[in-house]
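Residue 50 is where the sequence shown starts when you use the numbering used here, and the numbers rise one by one after that. For every residue, glycine included, the Cβ atom is placed at its ideal position computed from N, Cα and C. Please read the structure below before turning to the comments.
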Amino acid sequence: AKFKMSTKKIDFSNKWEEFNQNGIEVLINYISYDINNSGPDAKLQQVFSNKEFMSLYKIIYDLCIVPKGNFSKILYTKYIEVTSRYLTERILPDLIDISGVLLLQKLADRWDKHMNIFVKWLGKCFRYLDQHHVKQYSLETVSAKGESLFRSNVFVPIKLNVLNAIMKEFEKERDGECIDDYSLKIVIQMIIKFRENMSDEIDFYKELETQFIGETKRYYSKKGEDYLKEYSC
Numbered sequence: 050a051k052f053k054m055s056t057k058k059i060d061f062s063n064k065w066e067e068f069n070q071n072g073i074e075v076l077i078n079y080i081s082y083d084i085n086n087s088g089p090d091a092k093l094q095q096v097f098s099n100k101e102f103m104s105l106y107k108i109i110y111d112l113c114i115v116p117k118g119n120f121s122k123i124l125y126t127k128y129i130e131v132t133s134r135y136l137t138e139r140i141l142p143d144l145i146d147i148s149g150v151l152l153l154q155k156l157a158d159r160w161d162k163h164m165n166i167f168v169k170w171l172g173k174c175f176r177y178l179d180q181h182h183v184k185q186y187s188l189e190t191v192s193a194k195g196e197s198l199f200r201s202n203v204f205v206p207i208k209l210n211v212l213n214a215i216m217k218e219f220e221k222e223r224d225g226e227c228i229d230d231y232s233l234k235i236v237i238q239m240i241i242k243f244r245e246n247m248s249d250e251i252d253f254y255k256e257l258e259t260q261f262i263g264e265t266k267r268y269y270s271k272k273g274e275d276y277l278k279e280y281s282c
C-alpha cells in the first residue's frame, strides 16, 4: 500500500496509543472473547474491517517513514514489549497451575490463537517495518518474533509440565485408552517448531528428551499404520 507522506509533525506517543487502542487491545479482547465463548455454536466476526485494517497499517507506515525519527526501532521494541506483557499477564496464568490433558488442550488453543490471530494480524500491520527496518538490520520478522516470544514467555516456564503431560498421553494411548489426538498433535508440532527454529538454545530436560523423541516417533508410526488400515478396509 502506498500513502502520501503527511507534512504534519507526527507525535509518536499519540500515534502509538491510537494503534494500541484500536489494534492491539481489540485483538486481545477478541481472543479473550473467543476463549470464553468457544463452544460449537460460537461464531466470531472478522477482527478488523478492511477500512480499520488500512487505518492501522497507515499508522505504522507513517511512523516508519518519519525522517530521522528512529521510530522503526522504537516500534520493533514496542511490539516486543506489548506481546511479552500480553503473554505473561493474559496467557501464562491460565496454564501455569494445570497439568495433564487439560494443559495440552489449553496450550494448543492459546498457541493457535496467538499465531493465527494475534501474530497474524500484527504481522500484517507491521509489514512495512518488516520490509525495511527488520530486513536492513537482519532482525527476526515480526511474526517470527511473536513465535519466539511465546516460547520464552509461555512454553519455557511450563515445559516440564507439558512434556510430562505428553508422556502421560502416550502411556494412555499405548494402554488402549482414548486420548485427545488433536491437542497432542498441535503441541508436539509446536515443540518441534521451537526446536527447529531455536537450534540448541532450548535446553530440554535431558532425562525426558530421548524418551519424548522415541515416543513421538512410535506414536506417529502407529498412527500412520492405523490410517492405512482404516483406508484399506
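Cβ-based neighbour list, residue i, same chain, cut-off 8 Å, excluding 5 preceding and 5 following
i, result
"Lys155", "Asp143, Leu144, Ile147"
"Phe68", "Leu105, Ile108, Ile109, Cys174"
"Cys113", "Phe120, Ser121, Leu124, Tyr177, Leu178, His181, His182"
"Gln185", "none"
"Gly348", "Residue 348 is absent from the model: the chain starts at 50 and stops at 282."
"Leu76", "Val96, Ile166, Phe167, Trp170, Leu171"
Supposed close pair residue i, residue j - CB separation, criterion 8 Å
i, j, result
"Val96", "Ile166", "7 Å"
"Glu222", "Ile228", "5 Å"
"Ile80", "Lys162", "5 Å"
"Val211", "Leu151", "Not really, about 12 Å apart at Cβ, beyond 8 Å."
"Lys127", "Trp65", "6 Å"
"Met164", "Glu196", "7 Å"
"Gly149", "Lys217", "6 Å"
Own chain residues within Cβ distance below 6 Å of residue i, not counting five before or after
i, result
"Glu264", "Phe219"
"Ser232", "Leu153, Gln154, Ala157"
"Asn202", "Ser133, Leu136, Thr137"
"Val168", "Ser192, Gly195"
"Ile235", "Ala157"
Buried or exposed by the 16-neighbour rule on C-beta atoms within 10 Å, applied to residue i
i, result
"Tyr268", "buried"
"Glu130", "exposed"
"Asp60", "exposed"
"Ile237", "buried"
"Ser187", "exposed"
"Ile241", "exposed"
"Ile73", "buried"
"Gly225", "exposed"
"Asp179", "buried"
Check whether the segment 204-213 touches the segment 123-136, taking contact to mean three or more Cβ pairs, one atom from each stretch, closer than 8 Å.
In the pairwise beta carbon analysis, the segment 204-213 is classified as not touching the segment 123-136: fewer than three pairs are separated by under 8 Å.
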